[in-house]
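Heads up, the thing below is written out as structure tokens.
Residue numbers (the numbering used here): 47 to 459.
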């Protein structure tokens with residue numbers, strides 16, 4: 047019964063999230079997707095608004111160029127490279143030159159990449175009302191693909207940096223093999239799109255071997271606790287994780303969960319292997335895929351590190367995946383802060399950007415976090431105010447994590 051109730055609540059939350067996110071995105075008109083797109087294109091996820099214009103463009107390197115701003119953001123540069131990679135993947139015989147400087151080439155069609163902040167040609171197109179993008183317009187990570195009336199300019203315009211990259215990714219999905227001679231072509235289309243769910247994960251970690259990245263989990267396991275990884279192993283991991291992140295980018299995922307990554311209360315050691323893991327995370331973050339660790343327990347600390355603490359609050363028996371029993375108490379503030387600071391050092395060293403705290407599962411709905419089993423010290427301090435006691439504990443973790451990781455996002459369940 048409890049499982050059915052939890053499933054219903056989760057489904058309701060997901061549906062509410064989709065509805066809210068869609069409403070915030072700018073409201074695609076009914077039938078905004080060209081019906082031909084469903085049968086003639088292979089784009090996942092399908093853009094909210096897309097219209098095939100039947101004016102395809104052959105992408106010859108002597109006739110077409112990619113144009114980015116002189117101060118182009120990293121994502122615009124990645125996007126230009128992504129288009130050239132996709133050109134080769136569909137059988138194109140050359141890559142397009144990348145012109146940096148935000149000036150139109152006089153002798154060729156320009157594919158203009160960027161935002162109003164990093165490419166003056168995008169800013170001008172917005173001012174001329176050729177393109178309609180701006181801060182959170184059409185939504186966070188939103189973008190448009192538009193073509194000028196004379197056909198000489200194609201705008202891949204983002205509401206933000208990741209939106210510009212997503213425009214390039216969708217443009218890449220519209221590429222096709224040319225009619226002959228090895229040239230590839232762009233399936234001409236006008237597109238306006240934004241993610242329904244910005245922080246979308248590739249499936250549940252429990253369904254794929256306790257990781258959101260099953261293809262590289264063995265390499266990850268061999269790197270993460272390794273203080274002397276060989277150059278060959280490091281290179282193999284980077285190649286595998288980058289390939290995996292590229293696949294996530296192609297489908298516009300926003301999160302990759304590194305399940306069970308945190309050493310769960312053990313004293314943090316800055317191993318060399320973690321530097322390799324961090325480099326992979328930074329590669330993903332530049333492509334809009336942030337690293338999240340979730341189901342971390344904001345407990346006070348490990349019993350083995352604090353033998354002086356005798357009370358159980360509740361009984362300190364760790365889950366089967368923990369290496370030691372936890373001190374689970376709402377009144378050991380100083381020990382909790384010490385543990386949280388150690389956790390913050392781990393986050394800073396690894397480059398994790400999103401952290402989910404979750405201690406409510408134990409005890410389920412009738413006894414969340416085993417609150418009913420709290421010790422006499424906690425009963426005297428908090429009475430029956432579970433909310434206040436929980437906020438106090440979470441606030442300690444929040445403060446310590448943010449001190450060392452000001453841009454980290456914390457999720458408390």
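Heads up, the beta-carbon is just placed ideally off N, CA and C, and yes, glycines get one too. Quantities reported herein were computed from a predicted structural model and do not represent experimental measurements.
Extent of the continuous alpha helix (DSSP H) run through residue i
i	result
residue 354	Note, residue 354: premise wrong, no alpha helix (DSSP H); not H, not E.
residue 266	263-270
residue 447	432-450
residue 140	Element bounds for residue 140: n/a, residue is neither H nor E.
residue 280	277-296
residue 423	422-428
residue 406	Note, residue 406: premise wrong, no alpha helix (DSSP H); not H, not E.
residue 84	81-86
Buried/exposed call for residue i, threshold 16 Cβ in 10 Å
i	result
residue 449	exposed
residue 61	With a pLDDT of only 36 at residue 61, under the threshold of 50, the placement of this residue in the model should not be trusted, and no figure is reported.
residue 172	buried
residue 451	buried
residue 411	exposed
residue 474	Residue 474 falls outside the range modelled here, since the chain spans only 47 to 459, and no answer is possible.
residue 433	exposed
residue 380	exposed
residue 108	exposed
residue 373	buried
residue 122	buried
residue 101	exposed
residue 207	buried
residue 319	buried
residue 426	exposed
Residues near residue i in its chain [Cβ-Cβ closer than 7 Å; skip 5 each side]
i	result
residue 366	Low per-residue confidence applies at residue 366: pLDDT is 40, beneath 50, and the placement is therefore not dependable enough to give any value.
residue 290	259, 261 and 262
residue 130	141 and 142
residue 444	456
residue 222	136, 230, 231 and 233
residue 2	Any property of residue 2 remains undetermined from this structure, which presents the chain solely from 47 to 459.
residue 439	344, 376 and 382
residue 237	93, 95, 96, 190, 191 and 216
residue 120	332
residue 387	446
Proximal residues to residue i (C-beta, below 6 Å), its chain only, five neighbours per side dropped
i	result
residue 219	89
residue 166	148
residue 150	156
residue 355	373
Continuous beta strand (DSSP E) stretch holding residue i: start and end
i	result
residue 204	199-204
residue 97	95-98
residue 112	110-114
residue 172	Looking at the DSSP string, residue 172 is not in any beta strand (DSSP E); the run it does join, the alpha helix (DSSP H), is 166-173.
residue 156	155-160
Identified DSSP bridge partners for residue i
i	result
residue 304	Paired residues: none, contrary to the question.
residue 239	189
residue 232	103 and 221
residue 347	373
residue 336	301
residue 455	400
residue 146	114
residue 342	403
residue 180	183
Neighbourhood of residue i by C-beta, 8 Å cutoff - its chain only, sequence neighbours within 5 removed
i	result
residue 453	399
residue 308	339, 342, 389 and 392
residue 253	Here residue 253 scores only 41 on pLDDT, less than 50, and its place in the model is too uncertain to base an answer on.
Presumed contact (8 Å Cβ cut-off) between residue i and residue j, rounded CB distance
i	j	result
residue 245	residue 294	Wrong, their Cβ atoms sit about 12 Å apart, outside the cutoff.
residue 168	residue 203	5 Å
residue 155	residue 198	5 Å
residue 266	residue 314	About 18 Å; that fails the 8 Å criterion.
residue 273	residue 317	5 Å
residue 326	residue 288	7 Å
residue 239	residue 180	Not really, about 15 Å apart at Cβ, beyond 8 Å.
residue 158	residue 113	5 Å
residue 275	residue 322	6 Å
residue 424	residue 435	7 Å
residue 235	residue 99	6 Å
residue 126	residue 110	Contact flag wrong, Cβ pair sits at about 12 Å.
residue 163	residue 118	About 10 Å separates the two Cβ atoms, so there is no contact after all.
residue 311	residue 279	Actually they are not in contact, since the Cβ atoms of residue 311 and residue 279 sit about 28 Å apart, beyond 8 Å.
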